[in-house]
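Engineer: Just dropping this structure here.
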Amino acid sequence: MNLLSLRKACRLLGTLPSRRPLTMDELLSRCVPQLPPYEARGRNPPPPELQSNDFMSKYRTLELADRAGLLRSLATNFGREHGRVAELCAAVLQVQDRGTAAVLQAEDRLRHHLCPRYRLLFTNLSAAPGGVKFLLDLRADLLQNLEPATSEGSELRVSEGISRGG
Numbered sequence: 021m022n023l024l025s026l027r028k029a030c031r032l033l034g035t036l037p038s039r040r041p042l043t044m045d046e047l048l049s050r051c052v053p054q055l056p057p058y059e060a061r062g063r064n065p066p067p068p069e070l071q072s073n074d075f076m077s078k079y080r081t082l083e084l085a086d087r088a089g090l091l092r093s094l095a096t097n098f099g100r101e102h103g104r105v106a107e108l109c110a111a112v113l114q115v116q117d118r119g120t121a122a123v124l125q126a127e128d129r130l131r132h133h134l135c136p137r138y139r140l141l142f143t144n145l146s147a148a149p150g151g152v153k154f155l156l157d158l159r160a161d162l163l164q165n166l167e168p169a170t171s172e173g174s175e176l177r178v179s180e181g182i183s184r185g186g
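Under my numbering, the residues of the sequence shown are numbered 21 to 186, in order.
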């Protein structure tokens with residue numbers, strides 16, 4: 021690996037000596053992929069292994085309280101785009117009289133946007149070496165941090181279900 025490639029990899033990981041450590045939100049923004057456009061569904065690029073490994077190593081260094089904060093941020097800030105989902109629900113209702121093909125396409129677009137962004141992170145993590153074990157540990161942290169009867173707790177419950185594969 022040449023020096024330029026090494027510097028680029030270090031910059032991606034935020035590990036250059038002159039840089040400050042990444043905050044939890046910066047780490048999540050860097051590691052949680054954007055939901056691909058509807059038109060690109062099924063043509064996802066290979067998982068970014070470097071980012072998955074970075075996420076796993078940084079997560080493992082966090083204290084339990086910081087892990088809970090990161091999981092809460094992941095559930096609340098990297099979930100579904102509720103505004104877009106509402107628009108697509110309205111679109112499904114509007115195309116009811118245009119025929120089955122239009123309804124099916126509108127429903128497919130809605131289904132695509134119902135996938136939370138953190139699910140893409142979990143998918144990438146499961147493909148990384150040691151990722152399945154990491155996801156089991158992350159699920160244990162989720163179960164430990166569930167808060168009954170709060171909106172944040174319900175977001176964590178949903179992400180726990182997705183991390184379980186359901």
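Glycine included, every Cβ here is placed at the ideal spot set by N, Cα and C.
Give me the Cα-Cα distance between Phe-154 and Gln-54, rounded to the nearest whole angstrom.
Structural biologist: One-based indexing of the sequence shown puts residue 154 at position 134. One-based indexing of the sequence shown puts residue 54 at position 34. If I take the Cα positions, the gap works out to 22 Å.
Engineer: Pick from Leu-134, Gln-125, Pro-149, Leu-163: whose alpha carbon is nearest that of Ala-111?
Structural biologist: Working through the sequence shown from its first residue, we reach residue 111 at position 91. Measuring from the Cα of Ala-111, the nearest candidate turns out to be Gln-125.
Engineer: What does the alpha-carbon distance come out to for the pair Gly-103 and Pro-56?
Structural biologist: Counting from 1 along the sequence shown, the entry for residue 103 is found at position 83. Counting from 1 along the sequence shown, the entry for residue 56 is found at position 36. Going by the C-alpha atoms only, they are around 17 Å apart.
Engineer: Mind checking whether Leu-145 and Met-76 have CB atoms under 8 Å apart?
Structural biologist: Numbered from its first residue, the sequence shown carries residue 145 at position 125. Numbered from its first residue, the sequence shown carries residue 76 at position 56. Going by C-beta atoms, Leu-145 is nearer than 8 Å to Met-76.
Engineer: Could you pull out every unbroken alpha helix (DSSP H) segment of at least 4 residues lying fully inside the segment 75-117, listed in chain order?
Structural biologist: With a minimum length of 4 residues, the continuous alpha helix (DSSP H) runs that stay inside the segment 75-117 are 84-97, 102-114.
Engineer: On a CA-only basis, which of Tyr-79, Asn-73, Thr-81, Arg-87 is nearest Asn-6? Give me that one, please.
Structural biologist: Nothing can be reported for residue 6: it is not among the residues displayed for the chain, which extend from 21 to 186.
Engineer: Answer yes or no: do Pro-41 and Phe-98 have a C-beta to C-beta separation smaller than 8 Å?
Structural biologist: Against the sequence shown, residue 41 aligns to sequence position 21. Against the sequence shown, residue 98 aligns to sequence position 78. Contact flag unset, no.
Engineer: Pop quiz: Asn-73 and Ala-147 are said to be a contact at Cβ under 8 Å. What is the actual Cβ separation, rounded to whole angstroms?
Structural biologist: Along the sequence shown, one-based indexing puts residue 73 at 53. Along the sequence shown, one-based indexing puts residue 147 at 127. Their Cβ separation, rounded to whole angstroms, is 11 Å, which puts Asn-73 and Ala-147 out of contact at 8 Å.
Engineer: Tell me which residues share the same chain as Gly-89 and place their Cβ nearer than 8 Å to its Cβ, disregarding the 5 neighbours each side in the sequence.
Structural biologist: Numbered from its first residue, the sequence shown carries residue 89 at position 69. Closer than 8 Å at Cβ, skipping near neighbours: Met-44.
Engineer: Would you kindly report the start and end of the unbroken alpha helix (DSSP H) that includes Ala-147?
Structural biologist: In the sequence shown, counting from the first residue as 1, residue 147 sits at position 127. Per DSSP, Ala-147 belongs to the alpha helix (DSSP H) from 137-147.
Engineer: Please check the pair Leu-108 and Arg-129, which I expect to be a contact at CB under 8 Å, by giving their CB distance rounded to whole angstroms.
Structural biologist: What you label residue 108 is simply residue 88 of the sequence shown in a count that begins at 1. What you label residue 129 is simply residue 109 of the sequence shown in a count that begins at 1. About 6 Å; that satisfies the 8 Å criterion.
Engineer: Could you have a look at Gln-71 and say whether DSSP puts it in helix, strand or coil?
Structural biologist: Counting from one through the sequence shown, the residue named residue 71 turns up at place 51. Of the three classes helix, strand and coil, the one that applies to Gln-71 here is helix, per DSSP.
Engineer: State the start and end residues of the unbroken alpha helix (DSSP H) segment that holds Val-152.
Structural biologist: For the purposes of this step, residue 152 is identified with residue 132 of the sequence shown, where counting begins at 1. Its alpha helix (DSSP H) spans residues 151-165.
Engineer: Would Leu-91 pass as a contact of Leu-162 if the rule is Cβ separation under 8 Å?
Structural biologist: As a first step, residue 91 must be located in the sequence shown, where it is residue number 71. As a first step, residue 162 must be located in the sequence shown, where it is residue number 142. Their beta carbons are under 8 Å apart, which means Leu-91 touches Leu-162 by this criterion.
Engineer: Alpha carbon to alpha carbon, how far is Gln-71 from Arg-131? Give it in angstroms, no decimals.
Structural biologist: On the sequence shown, position 111 is the one that residue 131 refers to. On the sequence shown, position 51 is the one that residue 71 refers to. If you take the alpha carbons of Arg-131 and Gln-71, they lie about 26 Å apart.
Engineer: Give me the Cα-Cα distance between Thr-143 and Ala-121, rounded to the nearest whole angstrom.
Structural biologist: Position 123 of the sequence shown, counting from 1, holds the residue named residue 143. Position 101 of the sequence shown, counting from 1, holds the residue named residue 121. Going by the C-alpha atoms only, they are around 30 Å apart.
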